[in-house]
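Novice: Below you'll find the structure I mean.
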Amino acid sequence: MSEHDERTMSSPQGRVYRSGDDPRIQHPVPADATRPGHDATRPGHDATRLGDDATRLGDDASRLGDDPAARYAAPAGLPGEPDRQVPVPPSPTAAGDGLYRSSFAVEQEVAAMSAPQGAVPDPTATATMPPTGEVPPTPEPEAGGDRGVMRNSAMMAGLNLVSRILGYGRTVAIGAALGLNVGNAYTQAVYSPQMLYELLMGGTLTSVVVPLLVRARKSDPDRGEAFTERFVTLAATLLLVMAAIVTIGAPVVSWVLARGTPIHDTVTSLSYFMLPAIFFMGLSAMFQAVLNTRGSFAAPTWAPILNNIVIIGFFVMFALIWPDKPTLDSMTMPKIALIGSGFTIAMCVQVLALTPALRKVGYGFRLRFSFRGMGLREIGRLAGWALCYVAISQVGMLVVVKIAGLTTRGHNDTGTIVYDYGFLLMMTINGIAAVSVMTALMPRMSAAAADRRFGDVSNYLSLGTRLSSVLLIPGTVALAVFGSQLGVVLFQYGHFDAGAAHSAGLAIAMAGFGLVPFAVSQLQIFTFYAMPDTRTPALVNVPVVLVKIAFDVAVWFLAPIDYVVPLLLLGNAVSFVVAAIVSYALLRRRIGALGLRQVASTLLRLVLAGAVAAVPAWLVARALGGVLGDGRVASLAELVAGGAVLALVYFGLAYALRVREISQLVGMVRSKVGR
């Protein structure tokens, strides 16, 4: 599971959120960590073993997860020190499908097409999940063994693949059924429940609920049953009141998001049907937390699949009943009611899908309104930095949503849905290329930090940056070179016409430039959390969001309207670079040199390989386009041929330039295939 002997592991590692490999998992400190004379700086301890680590990272990433609470284990302190609590690091992203997702809905492989909820993800944050508070010690594992670990990992990998496919189908169904203009209105309306849930409850709920449930399960005589029921009752009550208030205030909500745009009235009407979904979002988050802390992972993984199926079904129904291309003027109340209520019904189905599993693990569904003695003051303390983080992030997100919505004025092939598609592709590539590396590195980094082996922490950060970049840099090149073809092949269906698809292609091209800086900033945030430090990520988020807002506002006033949305995506990359620079400066003060020379050397060679490979790939695609013309078939041929050339030239040149991370990455793949 790591380079430490298996005898040092107190339990197999677990997962708590609903799907995907989760990098927020802590390994216990190795047995020799407390041995007198243990020295992190001894020769050969750091860099010489990292090559072997890289070839075994896939082994860690594929074996995470059977112990429902092991991720919250606090590594033992050094001799003479009290045991320390290690906070849960953030997920790689809160983005699921290019549509905004609250932090409870994190999928750790960043399945960018699999989120059941829609709306644009928050690109402004350095860490995509609010920082957590103090994490209690873990109870004894309820299930264990390598077979269980492998079984859960294989099950979740399969379900994640299905969820990705259905999530992509849902994304296409929205554009195909509604077209660009009405699709923009629908996407803008989806922000209402998502952003309000996140601002008012989502971030704080996520930061405290699982740690408290774990603590109660360990310490209470009834294994936390009464506490869990009281907590769920409290959350459900608050959610119900909040959903009722914001639904009544739907005109105010839509005024903030869509005032001054042609989609304002449609957004208002849709919001009346979508805002009640806040209740089911929160309830789903609570139920998933209960299941995960009790060792049940299947239902939280496949319930979102049902969500996707329901939404797809509603849009298929819409297209069958009203086959003509919808316009904002033609969106009558029956049409609005169908697609608006479909969003809320899908969330309700997701909640109902969790109930059989809850009964199986013994949850009683009893309402308990005796909230005294629950430690509400402690809950507020734990949620403090999370609330700060979420508030800052939502301000930045509001600016993005507002500006993207304003681009719908006039007859432009742009808007919020175009932004979605660009971000979707970026997060998909990040999920494939970077998250597995992060997942495998996080336990090692946490153990090293707990043992104060900061040399190892620095080397793991360097290794993660280099390994991720091996695949992210060609991903950037692919999005930049083939953005237009990707827009046509992936999204030009039904009423989402060629003009809209090419506009999405430009957004895709710009989004690619955020891949590497986003991954680097995430690795740095993970490093802070491993030490552990939850305050710094929240504070780093402040200048990052301010830079993002300044960039976005400048784009709105200075750029041609057709380029505003693509440049908003480029602004994401700028904010990620700022996050990486600020975090680098802070980390260097905390743990010393970060191996920047080795990282820079690898990145320069990879960038050179990518730049050289881009030329023949572009020429091949252009030549085929001249012969085959436009259309989906031609674009697909250009993608296949140009992509093959890009891959061959890039990896061949990187190998010739002696980028050793190529062979290390191959070792990771072989370890996974060998399983």
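If you're matching positions, the sequence shown starts at 1 in the numbering used here and goes up one per residue. Each residue gets a CB set at the ideal place from its N, CA and C atoms; glycine is no exception.
Closest to Ile417 by C-alpha separation, out of Met331, Tyr191, Ala538, would be which residue?
Specialist: On the sequence shown, position 417 is the one that residue 417 refers to. Closest option to Ile417, Cα to Cα, is Tyr191.
Novice: Thinking C-alpha only, which one of Leu467, Ala289, Met445 is nearest Ser458?
Specialist: Working through the sequence shown from its first residue, we reach residue 458 at position 458. It is Met445 whose Cα lies nearest to the Cα of Ser458.
Novice: Tell me whether Ile321 is buried or exposed, calling it buried when 16 or more other Cβ atoms sit within 10 Å of its Cβ.
Specialist: As a working note, residue 321 is residue 321 in the sequence shown. Flag for Ile321 reads exposed.
Novice: Pair every Cβ in the region 236 to 244 with every Cβ in the region 270 to 281, then say whether three or more of these pairs are closer than 8 Å.
Specialist: In short, these stretches touch, since the Cβ pair count reaches three.
Novice: Short check: CB of Trp556 to CB of Leu398, under 9 Å?
Specialist: Against the sequence shown, residue 556 aligns to sequence position 556. Against the sequence shown, residue 398 aligns to sequence position 398. No; because the gap between Cβ atoms is not below 9 Å, this pair is not in contact.
Novice: If you draw a straight line from the C-alpha of Lys402 to the C-alpha of Gly475, how long is it?
Specialist: Locating residue 402 in the sequence shown gives position 402, counting from the first residue. Locating residue 475 in the sequence shown gives position 475, counting from the first residue. Taking the straight line from one Cα to the other gives about 29 Å.
Novice: Let me confirm a value: Pro89 is counted as buried when at least 16 other C-beta atoms fall within 10 Å, else exposed. Which label applies?
Specialist: For the purposes of this step, residue 89 is identified with residue 89 of the sequence shown, where counting begins at 1. Per-residue confidence for Pro89 stands at a pLDDT of 38, beneath the threshold of 50, marking its modelled position as unreliable; the derived number appears in the next sentence. Pro89 is buried by the Cβ-count criterion.
Novice: Where does Trp385 fall in DSSP's three states?
Specialist: Here residue 385 refers to the residue found at position 385 when the sequence shown is read from its first residue. In the structure shown, Trp385 sits in a helix (DSSP, three-state: H, G or I).
Novice: Please confirm whether Gly175 and Ala449 have their CB atoms less than 9 Å apart.
Specialist: Counting from one through the sequence shown, the residue named residue 175 turns up at place 175. Counting from one through the sequence shown, the residue named residue 449 turns up at place 449. Contact flag unset, no.
Novice: Since Met531 is in the alpha helix (DSSP H), which residue starts that stretch and which ends it?
Specialist: For the purposes of this step, residue 531 is taken as the residue at position 531 of the sequence shown. Careful: Met531 lies outside any alpha helix (DSSP H) and carries neither H nor E.
Novice: Among Tyr419, Thr171, Leu479, Val435, which has the Cα closest to the Cα of Ser521?
Specialist: Locating residue 521 in the sequence shown gives position 521, counting from the first residue. Of Tyr419, Thr171, Leu479, Val435, the residue nearest in Cα terms is Val435.
Novice: Considering only their Cβ atoms, is the gap separating Leu479 from Ala498 smaller than 9 Å?
Specialist: The residue you call residue 498 lines up with position 498 of the sequence shown. The residue you call residue 479 lines up with position 479 of the sequence shown. No, Cβ-Cβ distance for Ala498 and Leu479 is not below 9 Å.
Novice: Let me make sure I understand the geometry here. Which of Val361, Ala644, Met531, Ala580 has the alpha-carbon closest to that of Val547?
Specialist: Start at 1 with the first residue of the sequence shown, and residue 547 comes out as number 547. Measuring from the Cα of Val547, the nearest candidate turns out to be Ala580.
Novice: Which residue spans inside the region 568 to 638 form an unbroken alpha helix (DSSP H) run of at least 4?
Specialist: Taking only runs of at least 4 residues, the alpha helix (DSSP H) segments lying wholly in the region 568 to 638 are 596 to 628.
Novice: What are the boundary residues of the alpha helix (DSSP H) that includes Ile311?
Specialist: The residue you call residue 311 lines up with position 311 of the sequence shown. From DSSP, the alpha helix (DSSP H) with Ile311 extends over 298 to 321.
Novice: To the nearest angstrom, how far is the alpha carbon of Leu569 from that of Pro543?
Specialist: In the sequence shown, counting from the first residue as 1, residue 569 sits at position 569. In the sequence shown, counting from the first residue as 1, residue 543 sits at position 543. Approximately 18 Å between the Cα atoms of the pair.
Novice: Use the C-beta contact count for Ala404: other C-beta atoms within 10 angstroms, 16 or more gives buried, fewer gives exposed.
Specialist: To locate residue 404, count along the sequence shown from 1; it is residue 404. Counting Cβ neighbours within 10 Å, Ala404 comes out buried, since at least 16 surround it.
Novice: Please classify Ile248 as buried or exposed, where buried requires at least 16 neighbouring CB atoms within 10 angstroms.
Specialist: Locating residue 248 in the sequence shown gives position 248, where the first residue counts as 1. Burial call: exposed.
Novice: Which first and last residues belong to the alpha helix (DSSP H) in which Leu546 is found?
Specialist: Here the question's residue 546 lines up with position 546 in the sequence shown. Its alpha helix (DSSP H) spans residues 535 to 558.
Novice: Name the two residues that bound the continuous alpha helix (DSSP H) containing Asp420.
Specialist: For the purposes of this step, residue 420 is taken as residue 420 along the sequence shown, with counting starting at 1. Taken as a continuous stretch (DSSP letters only), the alpha helix (DSSP H) holding Asp420 covers 416 to 433.
Novice: Could you give the first and the last residue of the continuous alpha helix (DSSP H) run that contains Met333?
Specialist: Residue mapping note: residue 333 aligns to position 333 of the sequence shown, counting from 1. 333 to 360 is the span of the alpha helix (DSSP H), which, as asked, contains Met333.
Novice: How long is the line joining the alpha carbons of Gly422 and Ala511, rounded to whole angstroms?
Specialist: Within the sequence shown, numbered from 1, the residue matching residue 422 stands at position 422. Within the sequence shown, numbered from 1, the residue matching residue 511 stands at position 511. Approximately 6 Å, taken between the alpha carbons.
Novice: Measuring CA to CA, which of Gly384, Cys348, Ile309, Leu178 is closest to Arg535?
Specialist: Locating residue 535 in the sequence shown gives position 535, counting from the first residue. Ranking Gly384, Cys348, Ile309, Leu178 by Cα distance to Arg535 puts Gly384 first.
Novice: Quick check: the region 616 to 626 against the region 548 to 567, are there 3 or more CB pairs under 8 Å?
Specialist: With the cut-off at 8 Å, the region 616 to 626 and the region 548 to 567 do not touch.
Novice: Beta carbon of Ala576, beta carbon of Pro517: below 9 Å?
Specialist: Within the sequence shown, residue 576 is the residue found at index 576, counting from 1. Within the sequence shown, residue 517 is the residue found at index 517, counting from 1. A quick correction: the sequence has Phe, not Ala, at residue 576. A contact, by the Cβ cut-off of 9 Å.
Novice: For Gly631, which option in Thr327, Gln492, Asn184 has the closest C-alpha, if you only look at C-alpha atoms?
Specialist: As a first step, residue 631 is located in the sequence shown; it is residue number 631 there, counting from the start. For Gly631, the nearest C-alpha among the options comes from Gln492.
Novice: Kindly indicate which three-state DSSP category Gln485 falls into: helix, strand or coil?
Specialist: On the sequence shown, position 485 is the one that residue 485 refers to. Helix.
Novice: Report yes if the C-beta distance between Leu624 and Ala637 is below 9 Å; otherwise report no.
Specialist: Position 624 of the sequence shown, counted from the first residue, corresponds to residue 624. Position 637 of the sequence shown, counted from the first residue, corresponds to residue 637. A contact, by the Cβ cut-off of 9 Å.
Novice: When DSSP labels each residue in this structure, what does Thr268 get in the three-state scheme?
Specialist: As a position in the sequence shown, residue 268 is number 268, starting the count at 1. Of the three classes helix, strand and coil, the one that applies to Thr268 here is helix, per DSSP.
Novice: Do you know how far the Cα of Thr344 is from the Cα of Val361?
Specialist: For the purposes of this step, residue 361 is taken as residue 361 along the sequence shown, with counting starting at 1. For the purposes of this step, residue 344 is taken as residue 344 along the sequence shown, with counting starting at 1. Near 27 Å, if we compare the C-alpha coordinates of Thr344 and Val361.
Novice: Exposed or buried, which one is Arg359 when buried takes at least 16 other CB atoms within 10 Å?
Specialist: Reading the sequence shown from its first residue, position 359 is the one you call residue 359. The residue in question, Arg359, is exposed, as its Cβ has fewer than 16 Cβ neighbours within 10 Å.
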